[in-house]
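Reviewing the structure listed below.
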Amino acid sequence: MEPGNSSSNGILTGKANNPYVRVEGASISESTARIRIRVILNRQSTDLLFSLLGMKEGGQAGPTVTATADGDYTLAGFSGSVVSSLDIRVENFQGLSDLLREDYSDSMTDILDITPGT
Numbered sequence: 030m031e032p033g034n035s036s037s038n039g040i041l042t043g044k045a046n047n048p049y050v051r052v053e054g055a056s057i058s059e060s061t062a063r064i065r066i067r068v069i070l071n072r073q074s075t076d077l078l079f080s081l082l083g084m085k086e087g088g089q090a091g092p093t094v095t096a097t098a099d100g101d102y103t104l105a106g107f108s109g110s111v112v113s114s115l116d117i118r119v120e121n122f123q124g125l126s127d128l129l130r131e132d133y134s135d136s137m138t139d140i141l142d143i144t145p146g147t
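Under this note's numbering, think of the first position of the sequence shown as 30, with each following residue one higher.
Next up, the structure:
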């Protein structure tokens, strides 16, 4: 897996030294896949809402997964996607929440290049 703008499987981290979120694994039906991952901060509940998106703006999206704390989460793909699931670990829930609130207008998207066994 080669995340869009991060290293060491860290994603959705901005310029922080330690990743806020890491990719732990993926299930894909081809040798490689490119997909977007989005996180939105819900200011009312303070939850983080994760989903997988197709590469086309305004295109398909997977179901939303709600994160309420650090931990492991599985994001499902969507119809027609070669990615059936993506396993992530939120390692710094508060740091990501603060980043979204202060620097990203409550939403951030990253591009992931995924290979089997990620």
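Quick reminder that beta carbons are idealized off the backbone N, C-alpha and C, glycines included.
None of the values given here were measured: they were computed from a predicted structure.
Check	Outcome
For L125, three-class secondary structure by DSSP	helix
Cross-strand partners of M137 (DSSP beta bridge)	V68
For E86, the three-state DSSP class (helix, strand or coil)	coil
Run of the beta strand (DSSP E) containing V111, from where it starts to where it stops	From DSSP, V111 is part of no beta strand (DSSP E); its letter is neither H nor E.
Of the listed residues N121, R65 and L128, nearest to G88 (C-alpha basis)	R65
Validate contact between the region 110-127 and the region 48-58 using beta carbons, cut 8 Å, 3 pairs	yes
D99 - DSSP class collapsed to helix/strand/coil	coil
Simplified DSSP assignment, three categories, for Y49	coil
Whole-Å CB distance - L78 paired with A90, under 8 Å assumed	With a Cβ gap of about 11 Å, L78 and A90 do not count as contacting.
Backbone CA spacing between P145 and P92 [nearest angstrom]	22 Å
For D76, the three-state DSSP class (helix, strand or coil)	coil
8 Å contact criterion, which L41 and D101 should meet: CB distance rounded	No, L41 and D101 are not in contact; Cβ-Cβ is about 15 Å, not under 8 Å.
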